[in-house]
Structure formats: C-alpha cells, structure tokens
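Student: Dropping the structure in here first, questions after.
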Ligand code: PMP
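Numbering (full-length UniProt numbering), first residue to last: 81 to 476.
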C-alpha cells in the first residue's frame, strides 16, 4: 500500500510517542532550504549501537551521506571551494565559468551538482580505475567527464594534472579573447592542495561534532583521501576548541596506503608498492576515496595534529560492511567501513565508556560494482548468524 502522509503524523497527544521513535524528537523540523546549497551540513551524529555494544565504548558516526547535494562530506568542501573562489574573484556566476577538478569521484559529484546550482559548469577528470557508476553519475549531473589512465602524480596525464592544465587552457583562451573582461574563465578547484578544503571541515564539521557531543569526545577517527576531513576536524577540535590534550586524532588507512607508516614511523612507505610495476589503483585496495602514497598540502597542514594510525585490510572493511547492514541497517561504502574498523580498534585502546567519533562518508549504492560485489562474492552475505563476535570477526 502506498505510504500516506497521515502515517507519518504525530500520534494524538494522549498517546505518548514510542521512545526512540522519530515522533519522540522534540527538535523543530529544519526551516525551508533556499536552494540545494542550504541542505549541506548539520548532518546527524548517529550512535552505531552494535559497535558500542561490541566495544563497551560509545561509537558515534557523522552521517555525511545525508548531505543534501552530492551526498558525501565533499558537499561541504565543494561549497567552500566555490565560495572562496567567488570571494577571490576567480569565479563569477553567470559568466559561463567552468570548474575543473581531478577527483576519485565524491568531490566531482558535489562540484557538478553545486556548479549547476550556483551558475557554473563542471569538468571532471578521474582515473579509469574508479567505479563506472561514479562516471555515469557525473555525466547525468551535467558535468563533462574525462577519464584518464592511472598514472603517477609526476605524469602530466595524472587526473589532477590534467584538470589543472584544462583550467589553464580555458584561462589562456579567455586572455586571448577580444573581450577579455567578459570571457568565461576556468577555475582549478585543487582539493588536494587548497586550504579551502580543510577550512570547510574546520568551519563546519568540527564545530558540529563539538556541539553534538557537548565536547565529550575522546577520539576522532577518519581516513584521508585529500586529508581535508582529518586536518580540518583536528584543527578545529585541537586548536580552535582547545581539546589538544583530551582528543586523539587517528587516521584510518586502507591496505597499500603509505599513510600508516608516515604517521607511525615518519616515512611514507607502502608495503605493496612493487618497484617497476604499474599499480592498477592509487592504493592497492578495494577501498575507494581514502589512502595515499604522497603527502598532499592539505594533509601536511594537519600531520602534526594526528596522534596515531590504524591499518585496515580489505577483508576487515568488507566484513564490517556486512556487519553494519545486518546489525544496524546501515548500508555504506568502503571508506566508511574502513573508518568503522579503525574506530573499533581505537576504542579498544581507550578506557571503557570512552566516546569515539568517526565518519560515514557515502552510501553503499556508490560502491556496488567493486566493494559490495566483493562482499557478495566472498559469501559474506550468506553467513548470517555465523559469528556474533565482532572483535573475532575483525581479528581484533
Ligand atoms: N570517502 C570517500 C568516499 C571519498 O571520496 C573521500 C575523498 N576522496 C574520502 C572519504 C576522504 O576524505 P578527505 O579527502 O577529506 O580526506
């Protein structure tokens, strides 16, 4: 039967709302959002009850897949990249300007969506190892999509370098135009190097976490793709809110990423990187969006604020993916699962009752052809009730 509006209405006042139901919420619904930009941020902080129960600590996750434009934390970043560029006069709405970016997907999706809402075009360069549904989505969002072969960052064909050179070509054409003042220009968003990236999280994600936890937070755990999330939240919590002594900031690192060794031993070294072989992916993992083998300017800015790192295997991430669906009804992508494994591992190093905050980055629907296919093929979906001990399942 179709769901009727009445089904969602509050019960009569004589009937107390069930504890924990949406109707029990005393919060006012949010006001009218004037444009999709206004639906970004203020995401819920969700307790993942099964992880709290398994660890004896409280595991909270920022539900970033509920951001309203591109449905990931990159909405915050894209919005701030555009706003800072507008403030600097680099983007002018309605001039026909194009935003260029090299991205593994999420930032491109957010930029493509917001570009349209704010009066721009988007041209996204991405490497061809990324899932095909991301490229399709970008196309449907009206962006120009340029898929390039996997190449080292020193190669002009690397997706980031390609986006930068496309923006330069656009600006050179504008400079050569007869009416230079009104010609459309290109803007290279540059999320890996731009401070506007981490400032988005320093200005919104961090303050929201502080407000939602009332300052009761013992650790923040997140993976790093550009490092924007971890740098921005760490800067806010440790520098702006003065929680340097009480909050541990931990990087969740997938297999094949060099960040774990960088944080632990000061050397960026990935164990799976073989001399002379062409790596199929940026990091040798099924996980998309996080992990790195070079230090971006954005992460370098926050490196001193990172206390620890947890290395997470693909198998651990996949088992967590299945666990979260089965126990909590939470269906998320690979980076979110890496974050949750690292949050559990971090929680176990802290006293009982501690509070750990992590991030659920995007929906599992973005990861059907790789991560969730692997989970299905590993037979994890048939193993219902096989083992109820999460720590044993994860080998922790
Ligand atoms: N998860 C996903 C799915 C992503 O695409 C990204 C960004 N590449 C991240 C997590 C990591 O975020 P950040 O760039 O802030 O380190």
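Glycine is no exception: its CB is placed at the ideal position from the N, C-alpha and C atoms.
Distance, Cα to Cα, residue 150 vs residue 289?
Tutor: Here residue 150 corresponds to residue number 70 of the chain shown, with the count starting at 1. Here residue 289 corresponds to residue number 209 of the chain shown, with the count starting at 1. Looking at the two C-alpha atoms, the distance is approximately 21 Å.
Student: Could you please give the first and the last residue of the uninterrupted alpha helix (DSSP H) stretch that includes residue 345?
Tutor: Within the chain shown, the letter at position 265 stands for residue 345. Start and end: 339 to 345.
Student: Flag this pair as yes or no: are the beta carbons of residue 201 and residue 233 separated by less than 9 Å?
Tutor: Residue 201 sits at position 121 when you count from the first residue of the chain shown. Residue 233 sits at position 153 when you count from the first residue of the chain shown. For residue 201 and residue 233, no; Cβs fall outside 9 Å.
Student: Pop quiz: residue 364 and residue 336 are said to be a contact at Cβ under 8 Å. What is the actual Cβ separation, rounded to whole angstroms?
Tutor: In the chain shown, residue 364 corresponds to position 284, counting from 1. In the chain shown, residue 336 corresponds to position 256, counting from 1. The Cβ separation is near 3 Å, so the contact holds.
Student: With a CB to CB cut of under 7 Å and the five nearest residues on each side skipped, what residues in its chain are close to residue 354?
Tutor: Residue mapping note: residue 354 aligns to position 274 of the chain shown, counting from 1. Low confidence applies here, because residue 354 scores a pLDDT of 47, under 50, leaving its location unreliable and the question unanswered by this model.
Student: With which residues is residue 435 paired in a DSSP beta bridge?
Tutor: Your numbering for residue 435 matches position 355 in the chain shown. Paired residues: 138.
Student: Is the CB-CB distance between residue 378 and residue 153 below 9 Å?
Tutor: Locating residue 378 in the chain shown gives position 298, counting from the first residue. Locating residue 153 in the chain shown gives position 73, counting from the first residue. No.
Student: Consider the C-beta atom of residue 153 and the heavy atoms of the ligand PMP; say whether any pair is separated by less than 8 Å.
Tutor: Locating residue 153 in the chain shown gives position 73, where the first residue counts as 1. Answer for residue 153: yes, Cβ within range of the ligand PMP.
Student: Measuring straight from C-alpha to C-alpha, what distance separates residue 279 and residue 456?
Tutor: Counting from one through the chain shown, the residue named residue 279 turns up at place 199. Counting from one through the chain shown, the residue named residue 456 turns up at place 376. Those two C-alpha atoms are separated by around 38 Å.
Student: Going straight from the alpha carbon of residue 411 to that of residue 230, what length do you get?
Tutor: In the chain shown, counting from the first residue as 1, residue 411 sits at position 331. In the chain shown, counting from the first residue as 1, residue 230 sits at position 150. Taking the straight line from one Cα to the other gives about 29 Å.
Student: Would you tell me roughly how many angstroms separate the C-alpha atoms of residue 340 and residue 382, rounded to the nearest one?
Tutor: Mapped onto the chain shown, residue 340 falls at position 260. Mapped onto the chain shown, residue 382 falls at position 302. Taking the straight line from one Cα to the other gives about 15 Å.
Student: Would DSSP call residue 238 helix, strand or coil?
Tutor: For the purposes of this step, residue 238 is identified with residue 158 of the chain shown, where counting begins at 1. It is coil, neither helix nor strand.
Student: With burial defined as no fewer than 16 other Cβ atoms inside 10 Å of the residue's Cβ, what is the status of residue 255: buried or exposed?
Tutor: The residue labelled residue 255 in the question sits at position 175 within the chain shown. Residue 255 comes out exposed.
Student: Roughly how many angstroms separate the alpha carbons of residue 370 and residue 390, rounded to a whole number?
Tutor: Along the chain shown, read from residue 1 onward, the residue named residue 370 stands at position 290. Along the chain shown, read from residue 1 onward, the residue named residue 390 stands at position 310. Straight-line Cα distance between these residues: approximately 13 Å.
Student: Alpha carbons only, please: which of 266, 423 and 183 is nearest the one belonging to residue 62?
Tutor: This structure does not reach residue 62, given that the chain is present from 81 up to 476, and the question cannot be answered.
Student: Looking only at DSSP bridge pairs, what is residue 306 linked to?
Tutor: Stepping through the chain shown from its first residue, residue 306 is reached at position 226. Beta-bridge pairing links residue 306 to no other residue.
Student: Measure how close the beta-carbons of residue 432 and residue 137 come, nearest whole angstrom, since I'm counting them as under 8 Å.
Tutor: Working through the chain shown from its first residue, we reach residue 432 at position 352. Working through the chain shown from its first residue, we reach residue 137 at position 57. Right, their Cβ atoms sit about 7 Å apart.
Student: Can you tell me the Cα-Cα spacing of residue 482 and residue 196, whole angstroms?
Tutor: Given a span of 81 to 476 for the chain in the structure shown, any question on residue 482 remains unanswerable.
Student: In the DSSP assignment, what residue or residues form a beta bridge with residue 316?
Tutor: Along the chain shown, one-based indexing puts residue 316 at 236. Beta-bridge pairing links residue 316 to no other residue.
Student: When you compare the region 122 to 139 with the region 157 to 167, are there three or more beta-carbon pairs, one atom per stretch, that lie closer than 8 Å?
Tutor: No: fewer than three Cβ pairs fall under 8 Å.
Student: Using only alpha-carbon positions, find the residue among 237, 208 and 189 that is nearest to residue 219.
Tutor: In the chain shown, the residue the question calls residue 219 occupies position 139. The candidate whose alpha carbon is nearest that of residue 219 is 189.
Student: Would you mind working out which of 206, 110 and 437 sits nearest residue 238, comparing C-alpha positions?
Tutor: Within the chain shown, the letter at position 158 stands for residue 238. Minimum Cα distance to residue 238 is reached at 206.
Student: Contact between the region 421 to 437 and the region 317 to 337 is defined here as three or more beta-carbon pairs at a separation below 8 Å; is this criterion met?
Tutor: Yes: at least three Cβ pairs fall under 8 Å.
Student: In terms of alpha-carbon separation, which member of 142, 213, 199 and 304 lies closest to residue 447?
Tutor: Here residue 447 refers to the residue found at position 367 of the chain shown. Comparing Cα positions, the closest option is 213.
Student: For residue 436, count neighbouring C-beta atoms within 10 Å of its own C-beta (all shown protein chains included) and say buried if the count is 16 or more, exposed if not.
Tutor: Position 356 of the chain shown holds residue 436. Buried is the call here.
Student: Give me the Cα-Cα distance between residue 404 and residue 168, rounded to the nearest whole angstrom.
Tutor: Sequence index remark: in the chain shown, residue 404 carries index 324 (1-based). Sequence index remark: in the chain shown, residue 168 carries index 88 (1-based). Each residue's alpha carbon lies about 43 Å from the other.
Student: Quick test of your reading: residue 427 and residue 135, contact by CB under 8 Å. State the CB separation rounded to the nearest angstrom.
Tutor: The sequence position of residue 427 within the chain shown is 347, counting from 1. The sequence position of residue 135 within the chain shown is 55, counting from 1. About 4 Å; that satisfies the 8 Å criterion.
Student: So for residue 463, helix, strand or coil by DSSP?
Tutor: Numbered from its first residue, the chain shown carries residue 463 at position 383. Reduced to three states, the DSSP call for residue 463 is coil.
Student: Could you give the first and the last residue of the continuous beta strand (DSSP E) run that contains residue 203?
Tutor: Against the chain shown, residue 203 aligns to sequence position 123. 201 to 207 is the extent of the beta strand (DSSP E) around residue 203.
Student: Please report the distance separating the alpha-carbon of residue 194 from that of residue 174.
Tutor: By one-based count along the chain shown, residue 194 stands at place 114. By one-based count along the chain shown, residue 174 stands at place 94. Taking the straight line joining both Cα atoms gives about 14 Å.
Student: Output needed for residue 273: all residues of its chain with C-beta closer than 8 Å, excluding positions within five of it in sequence on either side, in chain order.
Tutor: Position 193 of the chain shown, counted from the first residue, corresponds to residue 273. So the list reads 376, 377 and 378, once near-sequence residues are dropped.
Student: Compute the Euclidean distance between the alpha carbons of residue 268 and residue 185, then round it to the nearest angstrom.
Tutor: Here residue 268 corresponds to residue number 188 of the chain shown, with the count starting at 1. Here residue 185 corresponds to residue number 105 of the chain shown, with the count starting at 1. Each residue's Cα considered, the two are about 16 Å apart.
Student: For residue 471, count the other beta carbons within 10 Å of its own beta carbon; 16 or more makes it buried, fewer makes it exposed. Which is it?
Tutor: Counting from one through the chain shown, the residue named residue 471 turns up at place 391. Result: exposed.
Student: Taking only the alpha-carbon atoms, compute the straight-line gap between residue 394 and residue 327 and give it to the nearest angstrom.
Tutor: Reading the chain shown from its first residue, position 314 is the one you call residue 394. Reading the chain shown from its first residue, position 247 is the one you call residue 327. Roughly 27 Å separates the two Cα atoms.
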